[in-house]
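Engineer:
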Amino acid sequence: MAKFDAHLKCSFCGKSQEQVRKLIAGPGVYICDECIDLCN
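Per my numbering, the sequence shown runs over residues 9 to 48.
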């Protein structure tokens, strides 16, 4: 079972989940709404 990490951060920009509006989880990686906006 995966251990919960209270200090999640975006794998691309390094911002913590407290610094962004949304943090989306993938298999072993996270991406924030700001990085997704840059991709669009």
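Virtual Cβ for every residue (Gly too), placed ideally from N, Cα, C.
On the three-state DSSP scale, how would you describe residue 46?
Structural biologist: Helix at residue 46.
Engineer: For the candidate residues 48, 33, 16, whose alpha-carbon lies nearest to that of residue 27?
Structural biologist: It is 16.
Engineer: Whose C-beta lies closer than 8 angstroms to the C-beta of residue 21 among residues of the same chain, with five residues either side of it excluded?
Structural biologist: Taken in chain order, the residues that qualify are 40, 42, 43.
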